[in-house]
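Chemist: Below are the structure tokens for one structure; questions will follow.
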Amino acid sequence: MPSDNESLTQIETQARGQLDAVSDEDALERWRVAFLGRRGRLTLVLRGLTDLPVDERKRVGAHANHLKRELETALQEKKARLAQSITEALVEERIDVTLPGPPLPRGRLHPTTQTLRDVLDCFVSMGFQVVEGPEIEWDHYNFEALRIPKDHPARDMWDTLWIDYEKDGERPMLLRTHTSPMQIRVMEQTQPPIRVVVPGKCYRYEATDPTHEWMLTQVEGLAVDEGISLGDLKGTLADFAHRIFGPDRKVAFRCDYFPFVEPGMELRIDCFLCGGQGCRICSRSGWIEILGAGMVHPEILEAVGYDSERYTGFAFGMGIERIAMLRHGIEDIRLFYSNDLRFLRQF
Ligand code: DAH
Numbered sequence: 004m005p006s007d008n009e010s011l012t013q014i015e016t017q018a019r020g021q022l023d024a025v026s027d028e029d030a031l032e033r034w035r036v037a038f039l040g041r042r043g044r045l046t047l048v049l050r051g052l053t054d055l056p057v058d059e060r061k062r063v064g065a066h067a068n069h070l071k072r073e074l075e076t077a078l079q080e081k082k083a084r085l086a087q088s089i090t091e092a093l094v095e096e097r098i099d100v101t102l103p104g105p106p107l108p109r110g111r112l113h114p115t116t117q118t119l120r121d122v123l124d125c126f127v128s129m130g131f132q133v134v135e136g137p138e139i140e141w142d143h144y145n146f147e148a149l150r151i152p153k154d155h156p157a158r159d160m161w162d163t164l165w166i167d168y169e170k171d172g173e174r175p176m177l178l179r180t181h182t183s184p185m186q187i188r189v190m191e192q193t194q195p196p197i198r199v200v201v202p203g204k205c206y207r208y209e210a211t212d213p214t215h216e217w218m219l220t221q222v223e224g225l226a227v228d229e230g231i232s233l234g235d236l237k238g239t240l241a242d243f244a245h246r247i248f249g250p251d252r253k254v255a256f257r258c259d260y261f262p263f264v265e266p267g268m269e270l271r272i273d274c275f276l277c278g279g280q281g282c283r284i285c286s287r288s289g290w291i292e293i294l295g296a297g298m299v300h301p302e303i304l305e306a307v308g309y310d311s312e313r314y315t316g317f318a319f320g321m322g323i324e325r326i327a328m329l330r331h332g333i334e335d336i337r338l339f340y341s342n343d344l345r346f347l348r349q350f
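Going by the numbering used here, the sequence shown opens with residue 4, and the numbers climb by one from there.
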């Protein structure tokens, strides 16, 4: 047990040294216990005083008590300093919860999606159901079943991206060139009455230019029932055109050829830029082509097992980017998927 001035000096040096290193309240408490606690080093010196001869007891006692007071003072000072630095740290870290947060970037729907939704809403409100089909399609559905046999010149209407998969020396799979194959798939799986619209991406082997992209979004429509006539087709599509392009648009139907309809036609609206005079937008014709349509070919109805004497139907197909371009005055279809935010943010 330390019992003289020498060891008191040692205790003091160590106590002060260790106190300097203390940086939190737990360490400070451990320091207090080590030196000033009930079994602390200085406490033991004080307790051992009784064993000393009288004159030494006085001298060592006076020194030890003095040291005890000093260490207690040092402890209090350290305690105060720790408390202060905690407060300072808190002040430093203080968060003003009333400040507005950093603004979150606001997203928006792609212009294709916006127009697609408007188009679908229009047909849904007329009782059409929305169905989707595969983007990778069999030659059979994309062409054959739609009366576009191999080596038929009508195939030239669609530039096709074939899947690198061979069967019996042929490549029977492709990225669908249009949504029309879903007409067949739906008819194979359901019986009339049918009212469906089919949104989806289509792919074509195109050299891109302002009006051609290798990927496009189409909406196909199909209605099959007893007694469906060309009048139903015209009424439905005229209503659609008025709802998307405004009630003042004139609509006109003109003969066109698509292998899966008879008769086939295109729907046009009068040019909203020149009002029919003829301008750059309408290629000086006064009319803008909106979509292809027609009465479902009876051979197609028969091929899916429908009685074509009893059932008739109409079909139509449109490119959504084209409709969005007309609605918003967009002059280059390639803008849609080039991901330039300066373009996309405008919608
Ligand atoms: N599938 C045709 C195309 O991509 C568009 C089309 C024309 C669809 C006439 C139809 C239709 O359903 O009846 O060019």
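Glycine included, C-beta positions come from ideal geometry on N, C-alpha and C. What you are looking at is a predicted structure, and each value in this text was computed from that prediction instead of being measured.
With DSSP as the reference, identify every bridge partner of residue 314, one or two as the case may be.
Modeler: For residue 314, which the question treats as bridged, DSSP gives the partners 229.
Chemist: So who's on the other strand from residue 322, going by DSSP bridges?
Modeler: Note: residue 322 sits in a beta bridge opposite 221.
Chemist: Hey, how far is the Cα of residue 80 from the Cα of residue 87?
Modeler: Residue 80 and residue 87: Cα-Cα distance of roughly 11 Å.
Chemist: Indicate the three-state DSSP secondary structure (helix, strand or coil) for residue 132 in the structure shown.
Modeler: Note: residue 132 maps to strand in three-state DSSP.
Chemist: Report, in whole angstroms, the separation of the C-beta atoms of residue 119 and residue 239, which I expect to be a contact under 8 Å.
Modeler: No, residue 119 and residue 239 are not in contact; Cβ-Cβ is about 18 Å, not under 8 Å.
Chemist: Among the residues of its own chain, which have a CB less than 8 Å from the CB of residue 266, if the five just before and after it don't count?
Modeler: Within the same chain, residue 266 has close Cβ partners 233, 258, 297 and 298.
Chemist: Using only the heavy atoms of the ligand DAH, determine whether one of them is closer than 7 Å to the beta carbon of residue 226.
Modeler: False, no ligand heavy atom lies under 7 Å from that Cβ.
Chemist: Look up residue 296 in the DSSP assignment and say whether it is helix, strand or coil.
Modeler: Looking at residue 296 - three-state DSSP - the assignment turns out to be strand.
Chemist: Indicate whether residue 200 and residue 224 have their beta-carbon atoms separated by less than 8 Å.
Modeler: Yes, the Cβ-Cβ distance between residue 200 and residue 224 is below 8 Å.
Chemist: The beta strand (DSSP E) spanning residue 176 covers which residue range?
Modeler: Run containing residue 176: 176-178, per the beta strand (DSSP E) assignment.
Chemist: Hey, residue 145 and residue 202 are a contact pair by Cβ (cut 8 Å); roughly how many whole angstroms apart?
Modeler: Contact doesn't hold; Cβ gap of about 17 Å is too wide.
Chemist: So who's on the other strand from residue 213, going by DSSP bridges?
Modeler: Beta-bridge pairing links residue 213 to no other residue.
Chemist: Candidates 37, 165, 278 and 326: which alpha carbon is nearest residue 243's?
Modeler: Of the candidates 37, 165, 278 and 326, the one whose C-alpha sits nearest the C-alpha of residue 243 is 326.
Chemist: Looking at the unbroken alpha helix (DSSP H) that takes in residue 89, where does it start and where does it end?
Modeler: Unbroken alpha helix (DSSP H) run through residue 89: 57-96.
Chemist: Tell me residue 237's beta-bridge partners as DSSP assigns them.
Modeler: Answer is none; residue 237 lacks a bridge partner.
Chemist: Helix, strand or coil for residue 189? Go by DSSP, reduced to three states.
Modeler: Three-state result, residue 189: helix.
Chemist: Do residue 138 and residue 164 count as a contact pair if the criterion is CB distance below 8 Å?
Modeler: No. Outside cutoff.
Chemist: Check whether the stretch 246-253 and the stretch 141-159 touch, using three or more Cβ-Cβ pairs below 8 Å as the test.
Modeler: Short answer: they don't touch.
Chemist: Run through the DSSP bridge pairs and tell me what residue 290 is partnered with.
Modeler: Beta-bridge pairing links residue 290 to 273.
Chemist: Rounded to whole angstroms, what's the CA-CA distance from residue 308 to residue 269? Just pull it up for me.
Modeler: Their backbone Cα atoms lie some 28 Å apart in a straight line.
Chemist: Please decide whether residue 248 counts as near chain B, where near means a Cβ-Cβ distance under 8 Å.
Modeler: The structure shown contains no chain B, having only a single protein chain.
Chemist: In whole angstroms, what is the alpha-carbon distance linking residue 281 and residue 288?
Modeler: Taking the straight line joining both Cα atoms gives about 5 Å.
Chemist: Roughly how many whole angstroms lie between the Cα atoms of residue 108 and residue 208?
Modeler: Taking the straight line joining both Cα atoms gives about 36 Å.
Chemist: Reducing DSSP to helix, strand and coil, say where residue 203 ends up.
Modeler: Three-state DSSP puts residue 203 in a strand.
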